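Participant:
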Ligand SMILES: NC(=O)c1ccc[n+]([C@@H]2O[C@H](COP(=O)([O-])OP(=O)(O)OC[C@H]3O[C@@H](n4cnc5c(N)ncnc54)[C@H](OP(=O)(O)O)[C@@H]3O)[C@@H](O)[C@H]2O)c1
């Protein structure tokens, strides 16, 4: 890609229904704003309804005609994921864009309601279940897209998903677990595209990463990220949440997307810049590991993909 792609290139999204998980904050909110500005129907899938409505008000203040809805989704609870998908089905008949954006970084040592390490459970397993539960709607919607969020922290990382099979296992290195959870999201995106293509399904699955943006995610985790100095330096080296949303928006709306790409900022070390297609995921992807992760995820979530 030689040109500098910006959100001004997003076309008219009238008639498209888009879900943004964690759409109330940071990069998810910027993504939701841009989708709503371009006339998509946007569903903010949030764990805290008050925060969701505050975000919806922000969007409507900026774009008074925005079609924004707030639905409860707690990715750390597979029952909540199920209830979200049922509520969504009652209200909407199609799903053009699913943005699996919500995430946690270095939370205090904890597990999801279903007993999985929190980062792996929220960032990856919750989204795996969500996508599977909405699969029929995604497949029947023309040119539908599933966008999954990776991270620079997962680049050049060897996949070590086996350690998550012991559901009650305690975290020793939480940053490593975060990176593995993001790598799992990146593997998922490629594997889903592979499965779409093998069945001649028109839907597309794309992975992306936002570079680095000083968002709320760094304020919720370990003490390391809470220091003012670290937050200030993140601001200096990184980019705005608005720019960090570009790879997501590109993956979700750019007409030339074929599916299976990995999109990220084009600047030095991928920290900031305009969205471009990256090779790194192709280089580190291991097919049989990905297939094993898929089988494991169906088992852990109890969600079987019905293509
Ligand atoms: N910022 C970066 O530099 C960076 C770099 C690489 C990747 N990413 C990825 O970008 C994505 C967005 O992060 P961000 O930087 O915009 O951080 P953020 O502002 O903290 O947004 C994270 C969102 O996820 C939601 N969330 C957390 N746990 C959830 C749960 N159990 N169920 C449902 N929603 C939940 C949060 O809800 P609450 O508001 O209720 O907490 C929030 O809306 C994440 O996937 C992150 O891993 C970010």
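Numbering (our numbering), first residue to last: 1 to 307.
C-beta: ideal position from N, C-alpha, C; glycine also.
Keep in mind the model is a prediction, meaning the values are calculated, not measured.
Could you round the C-beta distance between residue 5 and residue 275 to whole angstroms and report it? I think they count as a contact, below 8 Å.
Facilitator: Reading the chain shown from its first residue, position 5 is the one you call residue 5. Reading the chain shown from its first residue, position 275 is the one you call residue 275. At roughly 5 Å, the Cβ-Cβ gap stays under 8 Å, so residue 5 and residue 275 are in contact.
Participant: Mapping the DSSP letters down to three states, classify residue 310 as helix, strand or coil.
Facilitator: What is shown of the chain runs 1 to 307, which leaves residue 310 out entirely.
Participant: CB-CB under 6 Å to residue 36, same chain, minus the five flanking residues each way: which ones, in chain order?
Facilitator: In the chain shown, the residue the question calls residue 36 occupies position 36. Excluding positions up to five away in sequence, the list reads 42, 59, 63, 66, 68.
Participant: Could you please give me the residues that DSSP links to residue 97 through a beta bridge?
Facilitator: Position 97 of the chain shown, counting from 1, holds the residue named residue 97. According to DSSP, residue 97 bridges with 18, 145.
Participant: Let's see if you can read the secondary structure: which residues bound the beta strand (DSSP E) around residue 264?
Facilitator: Working through the chain shown from its first residue, we reach residue 264 at position 264. Note, residue 264: beta strand (DSSP E), 262–265.
Participant: Closer than 6 Å to a non-hydrogen atom of ligand 1 - does that hold for the CB of residue 99?
Facilitator: Your numbering for residue 99 matches position 99 in the chain shown. The answer is no for residue 99.
Participant: My assumption, with CB atoms under 8 Å, is that residue 126 sits in contact with residue 75. Please give the rounded CB distance.
Facilitator: Numbered from 1 along the chain shown, position 126 holds the residue referred to as residue 126. Numbered from 1 along the chain shown, position 75 holds the residue referred to as residue 75. Yes, they are in contact, since the Cβ atoms of residue 126 and residue 75 sit about 3 Å apart, within 8 Å.
Participant: Could you check whether the Cβ of residue 292 sits closer than 6 Å to any heavy atom belonging to ligand 1?
Facilitator: In the chain shown, residue 292 corresponds to position 292, counting from 1. Incorrect: residue 292 has no Cβ contact closer than 6 Å to ligand 1.
Participant: Report yes if the C-beta distance between residue 304 and residue 129 is below 7 Å; otherwise report no.
Facilitator: Along the chain shown, one-based indexing puts residue 304 at 304. Along the chain shown, one-based indexing puts residue 129 at 129. Against a cut-off of 7 Å, the Cβ pair of residue 129 and residue 304 comes out as no contact.
Participant: Would you kindly check if the distance between the Cβ of residue 244 and the Cβ of residue 219 is under 7 Å?
Facilitator: In the chain shown, the residue the question calls residue 219 occupies position 219. In the chain shown, the residue the question calls residue 244 occupies position 244. The answer is no: Cβ separation not under 7 Å.
Participant: Kindly provide the ranges of any beta strand (DSSP E) runs that are 3 or more residues long and lie completely inside the stretch 245–287, ordered along the chain.
Facilitator: Look at the stretch 245–287 and you find these whole runs of beta strand (DSSP E), each 3 residues long or longer: 262–265, 275–277.
Participant: Are the CB atoms of residue 45 and residue 19 nearer to each other than 7 Å?
Facilitator: As a first step, residue 45 is located in the chain shown; it is residue number 45 there, counting from the start. As a first step, residue 19 is located in the chain shown; it is residue number 19 there, counting from the start. Result yes, Cβ atoms of residue 45 and residue 19 sit closer than 7 Å.
Participant: Starting from residue 106, trace the beta strand (DSSP E) both ways and give me its first and last residue.
Facilitator: Numbered from 1 along the chain shown, position 106 holds the residue referred to as residue 106. It is not in any beta strand (DSSP E) - residue 106 carries neither H nor E in the DSSP assignment.
Participant: Which residue comes first and which comes last in the beta strand (DSSP E) that contains residue 203?
Facilitator: The residue you call residue 203 lines up with position 203 of the chain shown. No beta strand (DSSP E) holds residue 203; DSSP gives it neither H nor E.
Participant: Is DSSP giving residue 194 helix, strand or coil here?
Facilitator: Within the chain shown, the letter at position 194 stands for residue 194. DSSP, read as helix, strand or coil, puts residue 194 in helix.
Participant: For the stretch 81–89 against the stretch 249–265, do three or more pairs of beta-carbon atoms, one drawn from each stretch, fall closer than 8 Å, so that the two count as touching?
Facilitator: The answer is no - the stretch 249–265 does not touch the stretch 81–89, with fewer than three Cβ pairs under 8 Å.
Participant: Less than 7 Å between C-beta atoms, sequence neighbours within five positions excluded: which residues of the same chain meet that for residue 133?
Facilitator: Position 133 of the chain shown, counted from the start, is the residue given in the question as residue 133. Only 81, 82, 85, 303 meet the Cβ criterion.
Participant: Between residue 281 and residue 31, which are expected to be in contact by the criterion C-beta below 8 Å, what is the C-beta distance as a whole number of angstroms?
Facilitator: Here the question's residue 281 lines up with position 281 in the chain shown. Here the question's residue 31 lines up with position 31 in the chain shown. With a Cβ gap of about 20 Å, residue 281 and residue 31 do not count as contacting.
Participant: Which residue wins for smallest C-alpha separation from residue 256, given the options 204, 135, 172, 162?
Facilitator: What you label residue 256 is simply residue 256 of the chain shown in a count that begins at 1. Nearest of 204, 135, 172, 162 to residue 256, Cα basis: 204.
Participant: Hey, would you say the C-beta of residue 47 is under 6 Å away from at least one heavy atom of ligand 1?
Facilitator: If you number the chain shown from 1, residue 47 lands on position 47. The answer is yes for residue 47.
Participant: Answer yes if the stretch 173–180 comes into contact with the stretch 150–160, meaning at least three C-beta pairs across the two stretches below 8 Å, and no otherwise.
Facilitator: yes
Participant: What are the start and end residues of the alpha helix (DSSP H) that includes residue 53?
Facilitator: Sequence index remark: in the chain shown, residue 53 carries index 53 (1-based). Unbroken alpha helix (DSSP H) run through residue 53: 49–62.
Participant: State buried or exposed for residue 306, treating a residue as buried only when at least 16 other CB atoms are found within 10 Å of its CB.
Facilitator: Stepping through the chain shown from its first residue, residue 306 is reached at position 306. Answer is exposed; the Cβ neighbour count stays below 16.
Participant: Determine the contact status of residue 251 and residue 146, defining contact as a CB-CB distance below 7 Å.
Facilitator: Counting from one through the chain shown, the residue named residue 251 turns up at place 251. Counting from one through the chain shown, the residue named residue 146 turns up at place 146. In this structure, residue 146 does not lie closer than 7 Å to residue 251 by Cβ.
Participant: With distances taken from CA atoms, which of 217, 182, 237, 79 is nearest residue 208?
Facilitator: Translated into the one-based positions of the chain shown, residue 208 becomes position 208. Ranking 217, 182, 237, 79 by Cα distance to residue 208 puts 182 first.
Participant: So, are the CB atoms of residue 95 and residue 141 less than 7 Å apart?
Facilitator: Along the chain shown, one-based indexing puts residue 95 at 95. Along the chain shown, one-based indexing puts residue 141 at 141. Contact check for residue 95 against residue 141 passes: the beta carbons are separated by less than 7 Å.
Participant: Just list the residues that DSSP pairs residue 69 with in beta bridges.
Facilitator: Counted from its first residue, the chain shown places residue 69 at position 69. Paired residue(s): 43.
Participant: Using three-state DSSP, classify residue 311 as helix, strand or coil.
Facilitator: Look at the range of the chain in this structure, 1 to 307, and you will see that residue 311 is not part of it.
Participant: Select from 180, 61, 112, 188 the residue whose C-alpha is nearest the C-alpha of residue 100.
Facilitator: Working through the chain shown from its first residue, we reach residue 100 at position 100. Nearest C-alpha to residue 100: 188.
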